[in-house]
Amino acid sequence: MTFRKLRLIALGVSAAAILGSPTAVSAQAVEPVGVDGALYLQNKLQEIIAQPNMGMTASGEVEVEAAGNYYAVTLPHIRLDIPTPPSQQQPKGGKFSFDFGIAAMNMVPTEVKGRYVFAQSLPTPWRFYTNDQEIFRLSIGKQKTNGIYDLPMNLATRLEAQYDNIVLTDAKTGKPVLAIDSVTGKGGYDEKKPGLYSGRLPIEVNGIKLYGGTTEPFLTVDKLKIYSGYTDLSRENMIKCVGQMQRVNKQIQSYVKTEQIVDPPVIAGYLDNALACMGILADGMEGGIVVEGVKVGPGLAAAAGMQNVSLNSLYMQSFFTDIFKEKMGIAMKFGAQNLNMQPRPPGFSDYAPNSFHVDIGVDNVPHAKLHEIVRGILGMYSQDAESLTANPAMIMMQVMTRLPQILNEAQSGFVANDVRISGKDWQAVLKGRVQSDINAIYGASGQGTLVFQNMDMLLKQIKAEAQDPNNPNAMGMMQIIAPLEMLHGLGKSDDKNGRIFEFEFTQQGNLMLNGQSVQQLLMPQAQQMQPAPAAQ
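Below is the structure:
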């Protein structure tokens, strides 16, 4: 019995288990498995494989066999080749390659045409090459992958996966380069309204260890989380957009195969389709990455003159909301929490910032009108590519001449929802909004408030460090005192050992602080900071 048959039998057992699991709720087969269904599935998978994919090549065809109440699928051998820039060793450039191998799946049809419950087996090991010389090998100790895949949407709407004991080794020495305890994924998008799907699909990587040729890791990460999410994802529009993009991709692929330069109308069509699809796919989209428990190994920390270096978390998230409405919102959050370095590097105070958080966004974005402008420019580009390519400023001019009026009518604005920086026993928090304003000299006006909590205490502690003869960072602290005192003097007391700074950007182009012109406030402060003239 061949390895392929053994693997398909194992997947068959998994598929049978899936049909009785919560994953398969409302996903029971209604059409009998047969030749017509196998041909449909083969063609759909082949279309996905054939899409342009940045150097990825598939050797062979998708194979589909009807097997009882499911289809046994074998995907082609997948390999990725990426050119590398010229170097001393490779004056003409080289090639980096990733050999994924052959994956197998069992797919059970459901009552929705094109939607399948699936179980998948990933090949192992994966191999990495430089100029066809193997450099790394990645092995997966234990794995389980199942879920629901919607072929017309080209999307896994539900996933339950776990991979344990993942190790990337040096192909020459056999020593570990990267080790991961487990990778899990559990979640997906549920049809909470007819034809509309909402939810999150999170992937969690646990116990990451990076090695530098030694037995002890030089960097460890407790957890890495990656997720994507949708609100009211439209299956109908998703299928429409997938079809449109596949047609344009085929055009691009034909140019690539013949090594021709892609015609401007094709590029314009690709960009236009992408922008149009973004406006109809879902009412909300989000994605993010969170890194938790970062620790630098003793060897690397010692090389930097420290004993312990750690970071509680590092994160970045993006959000698109109200896309189906006339005006949408765009937001981004990123930051880092509790950077700890012991002992402190030269020039660092015990009260230096160790955390920051940025929550900013743009509201009332008239995306449909902006798309109209871009569509007009893309039309010009496709018709008069030579002149526009020679003078790209023409493109920006078209946008900039109409943008202020459109943003003003929509009352679009930049929002600082929560921007903060903090250290030991202190933090500064900024909140505010700047709105597009066609009547303003600079095209915008707005307000904001900065609250510096425990600023009095911070200034006192910095002065104490600067006056400590045993403090190696004393000189650095001396340089901080003057600007910190100047900032302190510009604020008003909040009766809580802190200072408040209320900003206003007026239509006349003036920046006001606590009701006074910043320019006038800074003049006496700057004079106080100037050194006294030398005695004659």
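Counting in our numbering, the sequence shown runs from 32 upward without gaps. From the three backbone atoms N, C-alpha and C, an ideal C-beta is built for every residue, glycine too.
Span of the beta strand (DSSP E), counted from its first residue to its last, around residue i
i, result
"E191", "186 to 201"
"A383", "From DSSP, A383 is part of no beta strand (DSSP E); its letter is neither H nor E."
"L312", "Note, L312: premise wrong, no beta strand (DSSP E); not H, not E."
"V293", "Unbroken run through V293: none, as it is neither H nor E."
"E496", "First-last for E496: 486 to 497, but that is the alpha helix (DSSP H), not the beta strand (DSSP E)."
"A69", "Premise fails: A69 lies in the alpha helix (DSSP H), 66 to 80, not in any beta strand (DSSP E)."
"G444", "444 to 454"
"D212", "207 to 224"
"G126", "It should be noted that the sequence gives Lys, not Gly, for residue 126. Note, K126: beta strand (DSSP E), 125 to 132."
"Q151", "146 to 152"
"P140", "135 to 140"
"T88", "87 to 90"
Outcome for residue i when other beta-carbon atoms lying within 10 angstroms are tallied against a minimum of 16
i, result
"G392", "buried"
"G540", "exposed"
"T54", "Annotation note: pLDDT 43 at T54 (below 50); position unreliable, coordinate value reported separately. The residue in question, T54, is buried, as its Cβ has 16 or more Cβ neighbours within 10 Å."
"V66", "exposed"
"M486", "buried"
"I354", "buried"
"I109", "buried"
"E191", "buried"
"V293", "exposed"
"Q466", "buried"
"A103", "buried"
"D499", "exposed"
"M431", "exposed"
"A335", "exposed"
"A58", "With a pLDDT of 44 at A58, under the threshold of 50, the modelled position of that residue is not reliable, and the figure given next carries that caveat. When all chains shown are included, A58 counts as buried."
"F34", "Confidence in F34 is poor, its pLDDT being 39 and thus under 50, which makes the residue's placement unreliable; the coordinate value appears in the next sentence. When all chains shown are included, F34 counts as exposed."
"N369", "exposed"
"N137", "buried"
"A367", "buried"
"G91", "exposed"
"D314", "buried"
"R278", "exposed"
"M506", "exposed"
"A495", "exposed"
"G260", "buried"
"Q338", "exposed"
"N501", "exposed"
"S265", "buried"
Span of the alpha helix (DSSP H), counted from its first residue to its last, around residue i
i, result
"Q510", "505 to 521"
"M337", "Counting along the chain, M337 falls outside any alpha helix (DSSP H), and DSSP gives it neither H nor E."
"G360", "Element bounds for G360: not the alpha helix (DSSP H) but the beta strand (DSSP E), 359 to 373."
Selected residue, minimal CA-CA separation from residue i, among the options
i, options, result
"G454", "Q368, P384, T251, Y261", "P384"
"D221", "L232, V214, S213", "L232"
"K217", "K256, Y382, M506, L199", "K256"
"N457", "P374, L72, L490", "Sequence check: residue 457 is Trp here, not Asn. Here the closest residue by C-alpha is L490."
"L72", "N185, Q164, L553", "N185"
"M87", "S386, E142, Y102, P114", "P114"
"Q120", "I80, N162, P500", "N162"
"T215", "Y258, K494, P207, L199", "Y258"
"R433", "L553, L401, K281", "L401"
"D394", "S380, N439, L241, R168", "N439"
"G205", "L521, K123, D390, T245", "T245"
"S213", "S170, A362, M428", "S170"
"D381", "M372, F387, H388", "M372"
"S386", "S341, G226, C308, P435", "S341"
"P225", "D263, V482, R464, D525", "D263"
"R375", "A333, F351, M363, H398", "A333"
"A459", "P435, L518, L409", "L518"
Beta-ladder partner(s) of residue i, from DSSP
i, result
"R168", "R158, T200"
"P233", "Y258"
"A97", "Y102"
"A471", "Answer is none; A471 lacks a bridge partner."
"P114", "K126"
"M568", "Only positions 32 to 567 of the chain appear in this structure, which leaves residue 568 out of reach."
"H108", "S90"
Any non-hydrogen atom of the ligand SAH within 7 Å of residue i CB
i, result
"W157", "The ligand SAH is not part of the structure shown, which contains no ligands of any sort."
| Are three or more beta carbon pairs between the segment 139 to 152 and the segment 178 to 189 nearer than 8 Å? | yes
| So, do the segment 298 to 305 and the segment 401 to 410 have three or more beta carbon pairs nearer to each other than 8 Å? | yes
| query | Counting Cβ pairs, one atom from each stretch, are 3 or more of them under 8 Å apart for the segment 160 to 178 and the segment 191 to 206? | reply | yes
| request: Take every Cβ of the segment 229 to 246, pair it with every Cβ of the segment 269 to 280, and state whether three or more of those distances are shorter than 8 Å. | output: Between the segment 229 to 246 and the segment 269 to 280, the count of Cβ pairs shorter than 8 Å is below three; the stretches do not touch.
| query | Can at least three beta-carbon pairs, one atom from the segment 315 to 322 and one from the segment 337 to 351, be found at a separation below 8 Å? | reply | yes
| Are the segment 123 to 130 and the segment 96 to 103 touching by the rule of at least three beta carbon pairs closer than 8 Å? | no
| request: For the segment 470 to 478 and the segment 350 to 370, state whether three or more C-beta atom pairs, one from each stretch, are separated by less than 8 Å. | output: Contact check between the segment 470 to 478 and the segment 350 to 370: fewer than three CB pairs, one atom from each, fall below 8 Å, which does not count as touching.
| Given 8 Å as the limit, is there contact between the segment 486 to 502 and the segment 516 to 533, that is, 3 or more CB pairs closer than that? | Segments in contact, yes.
| field | Validate contact between the segment 431 to 447 and the segment 505 to 514 using beta carbons, cut 8 Å, 3 pairs | value | no
| Quick one: any contact between the segment 324 to 334 and the segment 248 to 262, if contact means 3 or more CB pairs under 8 Å? | yes
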